Structures are given as C-alpha cells and as structure tokens.
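To start, the structure under review is shown below, and the notes come after it.
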Amino acid sequence: MWCVTMAHDTRIDIEERELLVESERGRESVEQFVEELLTYENRSTERQGVTIEIDGRTYRPYLFTKGMPLDDGGSDTGTPRPEGVVAPYRKIQNYLDAVREAADPSVARVFERGGNRLFIGVPGVHSVSLAGMEAWRGVMPMAPDPTGPHTAAEMIDLYAMEQLRDVPFVEWRNEPGPDDGDTTTSERFDEVHGPLATDLDRIADEDGIEDDWWYGKDRLFVEADVGAAGWWGPYISQFLLHDVDLWSLPTEQRYLRYQEIDYNKSRDRWLELLEGIAPTDDEGDLISAELNPNPPSGGRGYIETPRHLATIVNAEPPYQEYLIAALYLLGRDWLDYDEGLAYVTREEGPVFNYTDNGPVGLLDLLARAGREALLAAFYQKYYAHFRCRPETYAGRIHGQEFTADSPTDFEIDSLVTDAKVLERQRQLRAGGDGDPGLLSTVYIEGSPVHPAYPSGHSVIAGACGTILKAWFKNADWNDEADYYLPVDRGEDSYPPTMDVPEGHRGIHQEIDKLMSNVGLARMFAGVHYYSDHYEGVKLGEQVAVGLLTDVFGRAFDGREAIAPTFTPYMEYGADAELAITEYPRTLRKLRYDADRDRPRLPS
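In structure tokens form, the structure reads like this:
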C-alpha cells in the first residue's frame, strides 16, 4: 500500500499530516523532508481571483470553473449568461472550501455539476504518500497573473499552435531534414510564422516580461536555449519514433491519429463545454476523456504533425511514454547504467542487481513516480492555484473583443488582443467557421475537468524523466549506435535516417526532448499554457528526487545504495549535473529555483 487518504471534517493542518505519515512510515521519514519546508498560504489563489463587475454582480472569471453550473444572472429562463461565468458563492462554497476544509474522499460528492462530466482527481488532494516527498511538499511559483502580459504571451503561443496543428514538422523553418538536406518551409507554415514573428518582437519589447521568451523565431516551440536550437535536432524525440521490442513482441510506433478537425469553436458549444456538457458519439454515448475517450479515427502512422503528437497524450496510460523509453534504453547493449547504482554493471563483477537497481527497480519506480507526480499535481491544481483552462481564457478574449451584443471588459492585456496571430484567426473564421477569439481543441470534449496549473502530463514528465536520467549514463548518441529519424513529408513508411546534429548532448537531452514533446503536445491540443508545462516539469523533478532519496538512501555494505547523477530539465552546462543523494542540497536547490514570488509560511 503506497498511500492513505485522510478522513476528517475540518481543515487538515501540517501537524496532522505529519502524525499520519509518522504512523505509517516512521518519524525519520517525516523529518527527512521537513527541513526548510515552505507551504502555501490558503490565499494563494488570489492572483487568479481577479474580480470584474457584470450588471452589478461581481465575478472571478479566471478561476477554474469547468463543469460548474453557469450563472444565469437571475433570468427567468435559466439560460446561462453569454459570458460563461459562475456565481462566486457557488465557486467558493461548493468547490474551494470543499477542497480545503475536508479531506474525506466523499468531498467530491458536494461538487455541484453543471453538466454530466466528472471532476477528476479531487480526493488525491489529501492523499498521503508512503514513500518519497509528500504531495504537498512540492514548491511552485504562483500561476501568472491572468491580466498581465505573461499570460497574454502564452495565449499568443496557443493561437499560433492552433494554426500550425496540421503542418508537418519537416515543413517548419530550420527543422532538420534527411540526408538530402531538404529544409524548405511550406506556405502554410510561413503564413503563421510571419504574424507570430511580429508578435514575438512585441513580447521581447514588453516590460512586464522579465526574461527572454522560451523560444525564438528561428525554431518555433523548441525549449532549448535559443542559441543552441541548432543542435536540438528534429522536433520529435527518438523515443517516439524507434521500434521497441517487448522481448518476443516487436512493436512499431505507428500511432492512431485524430482527424484534422478543430472542435469547440462556436460560442454555444463553448458554453456547453464550460458547464461540463459532454458531446455524444454516433451511438448516443457520452464522450469524455475520464470515462469514454473519443477514439482516434484519422488513420495510422508515425508522428508527422502537431495534431498527431497531441493525439497520443489524450487518454493514454499516465506514464506510457516513459515506459516505452525505458524499454528502449534497457535494450541497448551499448548503454550503461549510471555508475552510482550499486551492483548493476553489465559486464564486470559477480553480481547483477536485477531487482532493486536494475530493470525491475526502474520499471517499478517509473510507475510509482507517475502516481506520486499526479498527487503533487492535483494538490497544486485544486488547493493552491485553481487556474482556468486556456479554453476559458480564450472565451474571455472573445467576450471582450468580439462580442458586439454584450462586450465585457475582462481587463485582458493588449499584448494578446492586438496580436497578429489573433487577427489572422479572426480572418480565418470570418466565413463562419467558428467565432473569433475562441481557442479550438484537438479533443472533442475539450480540456479535462480539473484546473490547469500545473499540467499533470508535465509533472509526470518531470518525475519519470528524472528517474530515467538517474538510471542511465548520459552517453552520446552517435551514428554507429543510433540515428536520428525525422518523419518524412507525407510518408507513412519507416522514417529515413540522418546524421546526429553537431553538439548533441546525449541521452539526457533526448529524454528532455521526450518530456518537452509530451508537455507541448497538450499545448498543441489547446488544453494547457506553457507555464503549466514548464513549472510542472520542475515540480516533477522534486517528486523524483524525493522518491529516489527515500527509497534508495539506505546502506548496503557500508555504502549508499544509490548515488547517481542527473541533469535538470534543459540544463546542459558542465556543472549542470546534480547528485541524487546529496540531500538536502539537491532537493533544496530544486525547491529554491522554483520558489519565486509566492507567499509562504514556515512549517
């Protein structure tokens, strides 16, 4: 048993949590993760709680509301207001207070549903892990101000991603191609790149955004340092392209694909989406990612476009991508385990530690890290931030900029309302193909019914990716052992090969690329902001280091059982590697790096 859930009728404080963990795991385990602990204040959602007035009523339009009954403004018909807002008393009493004041799993039963979709993950807010860092110990910055330029810039990203969903990656600017050197861009790409390049210049000049934006004009949506994007290689990670052998079962990574259909573009459907009214399939059954996912029906092939990438991260088993990567790496006889793992050398010594620090231990920890990551994610989502989804935010842009009958000032930053990519979307929809401002989704059901920040997929990425990086040496990819395999334009056959880009940083970078692919795929789908992804990965790293430290920080033959190193996400300098067992320094560094501009209290 790896977790227990607390059942109380009143707020659960830190002392009660620690007593429960102590009874299950012992005092030493509690004290290990308490040093310099920072915990969230109960009012940490205030940044998302911007208030506006509509017809004399006060609303908080940027807090999470999906699945809740929409306010009718006191109308006799009960028709929801066109702004798609929820009455504040409902939001506070039925959701925020319910999550924070009680820890019984039945708390979710008081959640009042507006439609027929289910709220996901609520009981996990108060689950107590029996190994590793408890879910509420993770540190994240507050979600960005919804009326500030940072969120506006993130929406610019999403409008551009929406317009690039069906443009093959090999047609993108500076995307490495096969050995023939074909790097031409397509007209479809250039039509989006031009407006976005102008918007990126505006973002760079914005005083309210302190750091450089996370990608540049030369390589769109590549997280590696802008100056290093040339060695990033093809957009898609090798772990999503190579065949993977399950011993006697060889598999090809030719995935089913969603059709080239953008959903939820009309205001009527948007209102249904917000209220949690699920669409139905041809047989009349409800479609929802939590119970009855919409199956891909657009053919099968290797990942070629952002839509193909988004397809694989809708309703897959939570750590599927990292299990595939682990199986691939375990099958490479040229790749050694990290030297810090005891008794796992492949060729030297009398013992191979098959269970604890070998293949069995790796696969076990990946599953556990995935689960612990989701517990940490749901605590942050529901208890700390309550951030609305991009589909909701886009509806606010529609309501402020494109609703002639009842425009509402949602205090949205002009960085996005004046964006060239938004203007291009308006032009594309001028013929009646949807309402301008609304952000379509790859998934017919839209986003999941839980808050946006952080992305659960990205927290899992940070946790499972760190486990993989701690397990395997950061060996170089080379043309004698493995090849980069970009997807060929318009081909459904096995992708061609190409040389490894100069300056490639090795296995850990390719794991980072997999983590990036998964997190950004959710952005291409229209269900997450970039900060949901990046800060989620950094939270997942904390989860992984806590788990590895707790599980393997014990002595065998007078030495520590585990002392491997890993490189944090997107850090490739000579001094980037961190040692797992240098506790509390390593975990403290990860927390410190994440501890930005948020209120905090000592434990």
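Taking our numbering, the leading residue of the sequence shown gets 834, the next gets one more, and so forth. Beta carbons: idealized from backbone N, C-alpha and C, even for Gly. Only a predicted model underlies this, so the values are computations on that prediction, with no experimental measurement involved.
- Taking buried to mean at least 16 other C-beta atoms within 10 Å of its own C-beta, is residue 1433 buried or exposed? Residue placement at residue 1433 cannot be trusted, given a pLDDT of 39 that sits under 50; what the coordinates show is reported in the next sentence. Exposed is the call here.
- Message: I need the boundaries of the alpha helix (DSSP H) containing residue 891, first residue and last residue.
- Response: Here residue 891 belongs to no alpha helix (DSSP H); instead the beta strand (DSSP E) covers 890-892.
- In the structure shown, what three-state DSSP assignment does residue 1349 receive? helix
- Tell me where the alpha helix (DSSP H) around residue 1426 begins and ends. Unbroken alpha helix (DSSP H) run through residue 1426: 1418-1427.
- Item | Cutoff 7 angstroms; reference residue 1112; Cβ partners in own chain excluding five residues on either side | 1120, 1277, 1278
- Selected residue, minimal CA-CA separation from residue 1151, among 946, 1075, 984, 1291: Closest option to residue 1151, Cα to Cα, is 1291.
- Given residue 903 as reference, the closest of 921, 1420, 1294, 886 once Cα atoms are compared: Each of 921, 1420, 1294, 886 was checked against the Cα of residue 903, and the nearest Cα belongs to 921.
- Work out the CA separation of residue 1299 and residue 1209 for me, nearest whole Å. 15 angstroms
- Mapping DSSP to helix, strand and coil, what is residue 1362? coil
- Message: For residue 1118, report the span of its alpha helix (DSSP H) as first-last.
- Response: Here residue 1118 belongs to no alpha helix (DSSP H), and DSSP marks it neither H nor E.
- Query: In terms of residues, what are the limits of the beta strand (DSSP E) holding residue 1079?
  - Reply: 1077-1079
- Item | Host alpha helix (DSSP H) of residue 1036 (start-end) | From DSSP, the alpha helix (DSSP H) with residue 1036 extends over 1020-1037.
- Measuring alpha carbon to alpha carbon, tell me which of 1233, 1346, 1141, 1310 ends up nearest residue 1331. Checking every option, the nearest Cα to that of residue 1331 belongs to 1310.
- Message: In whole angstroms, give me the CA-to-CA distance for residue 1297 and residue 1352.
- Response: 13 angstroms
- Message: Please report the straight-line C-alpha distance between residue 918 and residue 1174, rounded to a whole angstrom.
- Response: Distance between the alpha carbons of residue 918 and residue 1174 is about 53 angstroms.
- Task: Just confirm the distance between the C-beta atoms of residue 954 and residue 1283, as a whole number of angstroms; I'd bet it's less than 8 angstroms.
- Result: 5 angstroms
- Could you round the C-beta distance between residue 973 and residue 1427 to whole angstroms and report it? I think they count as a contact, below 8 angstroms. 6 angstroms
- Should residue 1036 go down as buried or exposed, given a rule of 16 or more other Cβ atoms within 10 Å for buried? Burial of residue 1036 is indicated by the presence of at least 16 other C-beta atoms within 10 angstroms of its C-beta.
- Query: Using 8 angstroms as the threshold, is the region 1242-1257 in touch with the region 1029-1045, meaning 3 or more CB pairs across them?
  - Reply: yes
- Task: Using alpha carbons as the reference points, say which of 1100, 998, 1421 lies closest to residue 1238.
- Result: 1100
- Over what stretch of residues does the alpha helix (DSSP H) that includes residue 1144 continue unbroken? Residue 1144 -> alpha helix (DSSP H) spans 1139-1144.
- Using a threshold of 8 angstroms, state whether the C-beta atoms of residue 1201 and residue 1280 are closer than that. no
- Query: So the alpha helix (DSSP H) residue 1084 belongs to, where does it begin and stop?
  - Reply: No alpha helix (DSSP H) contains residue 1084, which is instead part of the beta strand (DSSP E) from 1082-1084.
- Query: Going by DSSP, what residues sit across from residue 1205 in a beta bridge?
  - Reply: Paired residues: none, contrary to the question.
- Task: Assign residue 1401 to buried or exposed, taking buried as 16 or more other Cβ atoms, counted over all protein chains shown, within 10 Å of its Cβ.
- Result: buried
- Message: Excluding the 5 residues flanking residue 1069 on each side, which residues of the same chain have their C-beta closer than 6 angstroms to its C-beta?
- Response: 1136
- Item | N-terminal and C-terminal residue of the alpha helix (DSSP H) that residue 1234 is part of | 1223-1234
- Query: Should residue 1413 be labelled buried (16 or more other beta-carbon atoms within 10 Å of its own) or exposed?
  - Reply: buried
- Grab the span of the beta strand (DSSP E) containing residue 802 for me, first residue to last. Since the first and last residues shown for the chain are 834 and 1436, residue 802 lies out of range.
- Query: For residue 1134, which residues does DSSP report across the bridge?
  - Reply: 1088
- Message: Considering just the uninterrupted stretch of the alpha helix (DSSP H) at residue 989, what are its terminal residues?
- Response: 982-996
- Helix, strand or coil: how does DSSP classify residue 1274 here? strand
- Message: For residue 951, tell me which candidate among 1142, 1051, 1107 has the shortest Cα-Cα distance.
- Response: Comparing Cα positions, the closest option is 1107.
- Cβ distance (whole Å) where residue 1367 is taken to contact residue 1356 below 8 angstroms: In fact, because the Cβ distance is near 11 angstroms, the residues do not count as touching under 8 angstroms.
- Would you tell me roughly how many angstroms separate the C-alpha atoms of residue 991 and residue 1272, rounded to the nearest one? 8 angstroms
- Which whole-angstrom value is the C-beta distance of residue 1039 and residue 1248, which I expect to be below 8 angstroms? 6 angstroms
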